[in-house]
Ligand code: XMP
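Numbering (UniProt numbering), first residue to last: 9 to 521.
(1) Could you compute how far the alpha carbon of residue 374 sits from the alpha carbon of residue 21?
(2) What are the residues that DSSP puts in a beta bridge with residue 225?
(3) Within its chain, find whatever has a CB closer than 6 Å to the CB of residue 511; leave out the 5 residues flanking it on each side and keep chain order.
(4) Run through the region 169-228 for me and flag every whole beta strand (DSSP E) of 3 or more residues, listed as ranges in chain order.
(5) Where does residue 16 sit, in a helix, a strand or coil, going by DSSP?
(6) Is it the case that the CB of residue 2 approaches a heavy atom of the ligand XMP more closely than 8 Å?
(7) Tell me whether residue 483 sits in a helix, a strand or coil according to DSSP, three-state version.
(8) Distance check for residue 53 and residue 103, CA to CA, integer angstroms please.
(9) Between which two residues does the alpha helix (DSSP H) containing residue 456 stretch?
(10) Does the distance from the C-beta atom of residue 156 to that of residue 163 stay below 9 Å?
(11) Check whether the Cβ of residue 73 sits closer than 8 Å to any heavy atom of the ligand XMP, and report yes or no.
(12) So the candidates are 397, 394, 244; which of them puts its Cα closest to the Cα of residue 221?
(13) Terminal residues of the continuous alpha helix (DSSP H) containing residue 312?
(14) Give the secondary structure of residue 87 by DSSP, where H, G and I count as helix, E and B as strand, and everything else as coil.
(15) Measure the C-alpha to C-alpha separation of residue 492 and residue 400 and round it to an integer number of angstroms.
(16) Should residue 311 be listed as close to the ligand XMP, given that the test is whether its C-beta is under 8 Å from any heavy atom?
(17) Any idea which residues DSSP pairs residue 102 with across the strands?
(18) Could you spell out where the beta strand (DSSP E) holding residue 385 opens and where it closes?
(19) Quick check: the Cα distance between residue 109 and residue 305, rounded to an integer number of angstroms?
(20) Drop a sphere of 10 angstroms on the beta-carbon of residue 70, count the other beta-carbons inside from all chains shown, and report buried for 16 or more, exposed for fewer.
(21) Which one of 19, 30, 96 has the shortest CA to CA distance from residue 36?
(22) Suppose you measure from the CA of residue 90 to the CA of residue 382; what does that come to, to the nearest Å?
(23) List the residues that DSSP assigns as beta-bridge partners of residue 164.
(24) Can the beta-carbon of residue 327 be found closer than 9 Å to that of residue 224?
(25) Looking at the secondary structure, which residues open and close the beta strand (DSSP E) in which residue 507 lies?
(26) Taking DSSP's pairing of strands, which residues face residue 426 in a bridge?
(27) So is the beta-carbon of residue 409 under 8 Å away from any non-hydrogen atom of the ligand XMP?
(28) State the DSSP-derived secondary structure class of residue 475, mapped to helix, strand or coil.
(29) List the DSSP bridge partners of residue 116.
(30) Where do the N-terminal and C-terminal ends of the beta strand (DSSP E) with residue 284 fall, by residue?
(31) At a cut of 8 Å, does the region 250-260 reach the region 224-237 through at least three beta carbon pairs?
(32) With the cut-off set at 9 Å, would you say residue 300 and residue 197 are in Cβ contact?
(33) Could you tell me the distance, in whole angstroms, from the CA atom of residue 495 to the CA atom of residue 426?
(34) Measure the C-alpha to C-alpha separation of residue 302 and residue 336 and round it to an integer number of angstroms.
(35) Could you give the first and the last residue of the continuous alpha helix (DSSP H) run that contains residue 242?
(36) I need the DSSP call for residue 37, collapsed to helix, strand or coil.
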């Protein structure tokens, strides 16, 4: 296994992700935990030093134990990791007066490159992502330069004999397009076969959950979304019926959704599941509420109450399981307390653990969305379930601008089902990030047969996106839109006009509220 020593970079997890792509097992450990004894026990086959915000000049600068260089295994230093390596091995680091580099830069390889980097530099100049203030100014003995950038004469350095490699840039980020190749070369040199898989992740995760939980009880809020479902199935595999799931049905789910979730988890997975049917509670509280934030806050508050009520009924519950993913972890670290305004109060169960005094079990904390899907497949969740579009916690409430009524929700559910059916029939589901119908708070006049109609208008929404942060509308062809409008009007009583929302995000948002 490979050890990543974390010096506090924002993107350390991306290194782990790249290694998982290369099917290499790795663990990230913060530098404070890595001492001589730890290294002996861990016995890494290779070590990577992450980047980090510190300067080797600062007091108590993060450092690895020097014994790491005596293990006889390859070591790769990234950015701050490079500076650490030079600092420890007798080179020199200079403060970055006027030589800081942030963002895109081009590394020009030197002549010796081919023997070491083995085809990594395919073009003459390689785009890389730099983010450093200090830089190396003198190499440690044994090291040579293999590539330079305008502001980093030591962009790529190595002591080939000892298998120590160090780069000033970040090969793990998206903006270093060929960075994976560098990791690939490194792990090959270290002798990894690339045989680690999601199946192994599953086994390791199960082991860790058992260790963490012991014989305590765990509760899990199951929303029917991919993340909480994968987390629940994995935890159930680890600790069986010490886990209880709570599925809160707030009456704002899509057609057939509650039944599907309950059937799947109870019958196919044998998961102990509380189906909290709280439709009346939620819909009564929402009656007459038309302000979007008030809707969101009402739902969020009731959700916590209901969850807590059911959780209290489980004696000895000491842990709360959540399907937190790595992007949630970074976002909350980098954006918490920032000056950004609240666009929407997102609904989640974030306030629960403190309120309930529960410890967290978050087995997906290191994974990205596509990896969670891969794990879901590994656990045998059906493909149709794994590939589902995201669905917001407040559900249909935020797709029904204006006051919510049960009648409108019925119409909305029926129209949404037709739209999704159309998208599936045309084989477009997987090309779209999210698609749904919003029912508009206006009625318009139409003519059907020989009669006048006065019914609701609805809007179709379908967007492409990579992360939900920005989005563009999906370019359906006109025949598809025409056919869908006709089907909705014919099949859904209560709607007589269909529009297509072609707003991108920004300036729009994906949901209507
Ligand atoms: P917006 O509408 O802000 O949505 O562009 C971006 C993504 O987030 C989803 N969304 C939510 N998800 N709780 C959630 O779990 C919420 O309160 C919530 N609001 C929006 C939305 O469906 C889209 O995928």
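Don't be surprised by glycine CBs; every beta carbon is placed ideally from N, CA and C.
Walking through what the data contain:
(1) The residue given as residue 374 occupies position 366 in the chain shown. The residue given as residue 21 occupies position 13 in the chain shown. The straight-line gap from Cα to Cα measures roughly 7 Å.
(2) For this step, residue 225 is matched to residue 217 along the chain shown. Its beta-bridge partners are 325.
(3) In the chain shown, residue 511 corresponds to position 503, counting from 1. Cβ neighbours of residue 511 beyond the five flanking positions: none.
(4) 172-175
(5) Counted from its first residue, the chain shown places residue 16 at position 8. Reduced to three states, the DSSP call for residue 16 is coil.
(6) Lying outside 9 to 521, the shown extent of the chain, residue 2 is not represented and no answer is given.
(7) Translated into the one-based positions of the chain shown, residue 483 becomes position 475. Here residue 483 sits in coil by DSSP.
(8) In the chain shown, residue 103 corresponds to position 95, counting from 1. In the chain shown, residue 53 corresponds to position 45, counting from 1. When only Cα atoms are considered, residue 103 and residue 53 end up about 33 Å apart.
(9) As a working mapping, residue 456 is identified with position 448 in the chain shown. Where residue 456 is concerned, there is no enclosing alpha helix (DSSP H), although the beta strand (DSSP E) it sits in stretches over 442-456.
(10) Position 148 of the chain shown, counting from 1, holds the residue named residue 156. Position 155 of the chain shown, counting from 1, holds the residue named residue 163. Going by C-beta atoms, residue 156 is nearer than 9 Å to residue 163.
(11) Within the chain shown, numbered from 1, the residue matching residue 73 stands at position 65. Every heavy atom of the ligand XMP is 8 Å or more from the Cβ of residue 73, so no.
(12) To locate residue 221, count along the chain shown from 1; it is residue 213. Taking only the C-alpha atoms, the option nearest residue 221 is 244.
(13) Position 304 of the chain shown, counted from the first residue, corresponds to residue 312. Where residue 312 is concerned, the enclosing alpha helix (DSSP H) stretches over 300-320.
(14) Here residue 87 is taken as the residue at index 79 of the chain shown, counted from 1. Coil.
(15) Position 484 of the chain shown holds residue 492. Position 392 of the chain shown holds residue 400. Rounded to whole angstroms, residue 492 and residue 400 show a C-alpha spacing of 24 Å.
(16) Locating residue 311 in the chain shown gives position 303, counting from the first residue. Taking non-hydrogen atoms of the ligand XMP into account, the C-beta of residue 311 is found less than 8 Å away from none of them.
(17) By one-based count along the chain shown, residue 102 stands at place 94. For residue 102, which the question treats as bridged, DSSP gives the partners 143.
(18) Start at 1 with the first residue of the chain shown, and residue 385 comes out as number 377. Residue 385 -> not in any beta strand (DSSP E); alpha helix (DSSP H) instead, spanning 377-386.
(19) Position 101 of the chain shown, counted from the start, is the residue given in the question as residue 109. Position 297 of the chain shown, counted from the start, is the residue given in the question as residue 305. Cα to Cα, the separation comes out at about 44 Å.
(20) Locating residue 70 in the chain shown gives position 62, where the first residue counts as 1. Buried, since its Cβ has 16 or more Cβ neighbours within 10 Å.
(21) Taking the chain shown and counting its residues from 1, the one referred to as residue 36 is at position 28. Of the listed residues, the one whose Cα sits closest to residue 36 is 19.
(22) For the purposes of this step, residue 90 is taken as residue 82 along the chain shown, with counting starting at 1. For the purposes of this step, residue 382 is taken as residue 374 along the chain shown, with counting starting at 1. CA-CA distance, residue 90 to residue 382, rounds to 33 Å.
(23) Locating residue 164 in the chain shown gives position 156, counting from the first residue. In DSSP, residue 164 forms a bridge with 155, 175.
(24) The count along the chain shown starts at 1 and reaches residue 327 at position 319. The count along the chain shown starts at 1 and reaches residue 224 at position 216. Going by C-beta atoms, residue 327 is nearer than 9 Å to residue 224.
(25) What you label residue 507 is simply residue 499 of the chain shown in a count that begins at 1. Here the beta strand (DSSP E) through residue 507 covers 503-508.
(26) Here residue 426 refers to the residue found at position 418 of the chain shown. For residue 426, which the question treats as bridged, DSSP gives no partner whatsoever.
(27) To locate residue 409, count along the chain shown from 1; it is residue 401. Incorrect: residue 409 has no Cβ contact closer than 8 Å to the ligand XMP.
(28) On the chain shown, residue 475 is found 467 positions in, with the first residue counted as 1. In the structure shown, residue 475 sits in coil (DSSP, three-state: anything other than H, G, I, E or B).
(29) What you label residue 116 is simply residue 108 of the chain shown in a count that begins at 1. Partner(s): 156.
(30) As a position in the chain shown, residue 284 is number 276, starting the count at 1. Residue 284 -> beta strand (DSSP E) spans 281-285.
(31) With a cut-off of 8 Å, the region 224-237 and the region 250-260 count as touching, because enough Cβ pairs lie within range.
(32) Translated into positions along the chain shown, residue 300 becomes position 292. Translated into positions along the chain shown, residue 197 becomes position 189. It is not a contact, given that the beta carbons lie outside the stated cut-off.
(33) Here residue 495 refers to the residue found at position 487 of the chain shown. Here residue 426 refers to the residue found at position 418 of the chain shown. When rounded, the distance between both Cα atoms is 7 Å.
(34) Position 294 of the chain shown, counted from the first residue, corresponds to residue 302. Position 328 of the chain shown, counted from the first residue, corresponds to residue 336. Going from the Cα of residue 302 to the Cα of residue 336 covers about 24 Å.
(35) In the chain shown, the residue the question calls residue 242 occupies position 234. Its alpha helix (DSSP H) spans residues 234-247.
(36) Within the chain shown, numbered from 1, the residue matching residue 37 stands at position 29. Residue 37: strand per DSSP, three-state reduction.
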